[in-house]
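Structure, as structure tokens:
In the numbering used here, the protein residues as written are 1 to 99.
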């Protein structure tokens, strides 16, 4: 397996992980496997830290339509709203709260 093939395999595993999350069926085993592959790519010198972050951001944008930081901030604001004002939280459509 060449380095490009290994990186393509990492990308595919990230895609599988994100698709499971998007389908509402997160798979921790798949997530940890993917993290291990990315870590191995870094250790073998196939990906730099920046390239790894760019790869994750690229696939994340493809699947969720927003960056990792944007999604994290949006999910946090929804969680905060749930704690502060449950009525306002339930005014948000369930499909929006879930994603």
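Beta carbons: idealized from backbone N, C-alpha and C, even for Gly.
Report task. Work out the CA separation of residue 7 and residue 23 for me, nearest whole Å. Result -> 24 Å
**Report entry** Option nearest residue 75 by Cα separation, candidates 35, 95, 42
**Finding:** 95
Query raised in the report: Is the CB-CB distance between residue 34 and residue 13 below 8 Å?
Result: yes
Query raised in the report: Is residue 68 buried or exposed, if buried means 16 or more other CB atoms sit within 10 Å of its CB?
Result: exposed
**Report entry** Pairwise C-alpha distance: residue 71 and residue 88
**Finding:** 20 Å
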